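First comes the structure, then the notes that go with it.
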Amino acid sequence: MSTTVATKQTKSLADFMGFVRITHDTYIRQPSCADPKDVPPTTPTILLLFWMNLPIRPMIKYVIQFVRLADLMGARIICMTCTSADLLFRCSEGMQARRVAPVIKALTQGTTHSRRRPAKFVTLPEPGPLYVHAFSNSGCFTLAHIARTYRATTGRPLPAKSIVLDSAPGIPSLMRGYRAYGLHLPKAQPRRLIASAILFSTLVMHEIVSVVFPAMSASNYARRMLNNPAVIAVPSKRTYMYSDADDTTPSSDILAHAAEAEKKGWIVSTKSFEGSSHVAHMRMHPERYWRIVNAAFDYIPKL
Numbered sequence: 001m002s003t004t005v006a007t008k009q010t011k012s013l014a015d016f017m018g019f020v021r022i023t024h025d026t027y028i029r030q031p032s033c034a035d036p037k038d039v040p041p042t043t044p045t046i047l048l049l050f051w052m053n054l055p056i057r058p059m060i061k062y063v064i065q066f067v068r069l070a071d072l073m074g075a076r077i078i079c080m081t082c083t084s085a086d087l088l089f090r091c092s093e094g095m096q097a098r099r100v101a102p103v104i105k106a107l108t109q110g111t112t113h114s115r116r117r118p119a120k121f122v123t124l125p126e127p128g129p130l131y132v133h134a135f136s137n138s139g140c141f142t143l144a145h146i147a148r149t150y151r152a153t154t155g156r157p158l159p160a161k162s163i164v165l166d167s168a169p170g171i172p173s174l175m176r177g178y179r180a181y182g183l184h185l186p187k188a189q190p191r192r193l194i195a196s197a198i199l200f201s202t203l204v205m206h207e208i209v210s211v212v213f214p215a216m217s218a219s220n221y222a223r224r225m226l227n228n229p230a231v232i233a234v235p236s237k238r239t240y241m242y243s244d245a246d247d248t249t250p251s252s253d254i255l256a257h258a259a260e261a262e263k264k265g266w267i268v269s270t271k272s273f274e275g276s277s278h279v280a281h282m283r284m285h286p287e288r289y290w291r292i293v294n295a296a297f298d299y300i301p302k303l
């Protein structure tokens with residue numbers, strides 16, 4: 001079966017290209033050349049944190065490329081998806097700690113599995129290098145909670161060797177948030193009108209609650225945690241991808257965060273993409289996009 005046909009027929013990441021489901025939103029794939037029962041503790045890990053409500057077909061387009069890169073690097077892949085409910089209704093530290101717990105176990109203990117059996121966790125020595133690719137504010141939100149929970153579990157900051165932030169992090173904005181969530185509303189009227197009213201009311205209430213409880217603001221929480229050396233190790237590489245055509249996360253938000261990160265000791269690189277909208281840099285500029293990812297993940301193709 002060709003990759004194109006497989007992509008069209010795939011309805012879940014489970015069992016696609018060797019991925020195994022750990023929870024409803026977390027998947028793991030061991031190196032293709034390795035015996036799943038005997039993966040060395042020094043194996044590199046690629047952690048993919050996708051944006052909110054991402055449909056399976058565009059997700060697969062990224063996954064295919066990352067699988068190719070992981071096979072060249074001899075790396076395993078851990079993927080996490082994210083929903084609107086995670087950001088609006090399940091955003092407390094306790095709820096998110098439970099959500100990311102399987103990832104923390106995989107990073108600190110490692111996993112073994114076969115393709116037809118559930119993943120099992122085993123205690124391992126110091127893990128191999130960790131490379132992170134987070135998409136949009138929701139991916140950064142997930143990363144922030146992984147880093148915080150890792151710190152709470154191990155007493156050490158997340159040892160990410162390199163982090164790529166695609167179209168993020170942004171500063172909270174009611175109208176930009178409405179546009180982002182609104183992409184997933186029904187198209188037909190009057191359902192769209194009703195859903196729009198409910199969504200706007202929910203976002204207004206969430207904004208009010210976030211003023212009283214700042215940790216409830218996904219964007220604010222992510223921006224703060226990602227530049228906290230206590231939860232993410234310094235120094236390490238960090239690559240910010242942005243575009244002036246992005247009307248969801250302005251480039252000024254991203255560049256301000258990048259400047260702060262550099263002052264705090266991270267090795268920062270900023271990459272501007274011309275004309276591409278929010279999390280659309282890969283679609284418009286695929287060759288440059290993957291060159292940047294390869295460099296960020298320390299993979300230099302052999303000529």
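So the sequence shown is residues 1 to 303, counted in UniProt numbering. Don't be surprised by glycine CBs; every beta carbon is placed ideally from N, CA and C. Quantities reported herein were computed from a predicted structural model and do not represent experimental measurements.
- Distances from the alpha-carbon of L69 to those of V279, P127, P44, R223 put P44 closest.
- Minimum Cα-Cα distance from C82 among the listed residues R151, D247, A218 corresponds to A218.
- Taking a C-beta distance under 8 Å as the contact criterion, T142 and M225 do not qualify as a contact pair.
- Between I28 and A106 a beta carbon distance of about 6 Å is seen, short of the 8 Å cut, so the two are scored as contacting.
- In the DSSP assignment, the residues bridged to L165 are A134, Y240.
- For a cut-off of 8 Å, the C-beta gap from G94 to P31 is around 34 Å, too long to register as a contact.
- Annotated three-state conformation of C79 is strand, per DSSP.
- About 6 Å separates the CB atoms of S138 and L87; that is less than 8 Å, so the two are in contact.
- Y221 is not a Cβ neighbour of L165, given a cutoff of 8 Å.
- L72 counts as exposed, since fewer than 16 other beta carbons sit within 10 angstroms of its beta carbon.
- DSSP, reduced to helix, strand and coil, places T270 within a strand of the structure shown.
- Of all alpha-carbon atoms in A152, K61, G128, the one lying nearest the alpha-carbon of K161 is that of G128.
- Pairing P169 with R223 gives a Cβ-Cβ distance under 8 Å.
- Under a 10 Å Cβ-count criterion, R99 is classified as buried, with 16 or more other Cβ atoms of the shown protein chains found around its own Cβ.
- By DSSP's assignment, Y27 forms a beta bridge with R21, C79.
- By the Cβ-count criterion, I77 is buried, with 16 or more other Cβ atoms from all chains shown falling within 10 Å of its own Cβ.
- The alpha-carbon of W51 is positioned some 5 Å away from that of F135.
- By the Cβ criterion, the region 249–269 is not in contact with the region 280–287, since fewer than three pairs of Cβ atoms, one from each stretch, lie closer than 8 Å.
- With a 10 Å radius around the Cβ and a threshold of 16 neighbouring Cβ atoms, D253 comes out buried.
- A280 carries a coil assignment under DSSP once its states are collapsed to helix, strand and coil.
- Judged by their CB atoms, E274 and S243 are nearer to each other than the 8 Å cut-off.
- In the three-state DSSP reduction, L143 falls in the helix class (H, G or I).
- Taking every protein chain shown into account, the CB of D298 has fewer than 16 other CB atoms within 10 angstroms, so this residue is exposed.
- Ranked by how close their Cα comes to the Cα of R148, the residues Q109, A230, A296 have A230 in first place.
- Per DSSP, T108 is one residue of the alpha helix (DSSP H) stretching across 93–108.
- For I46, the enclosing beta strand (DSSP E) starts and ends at 45–49.
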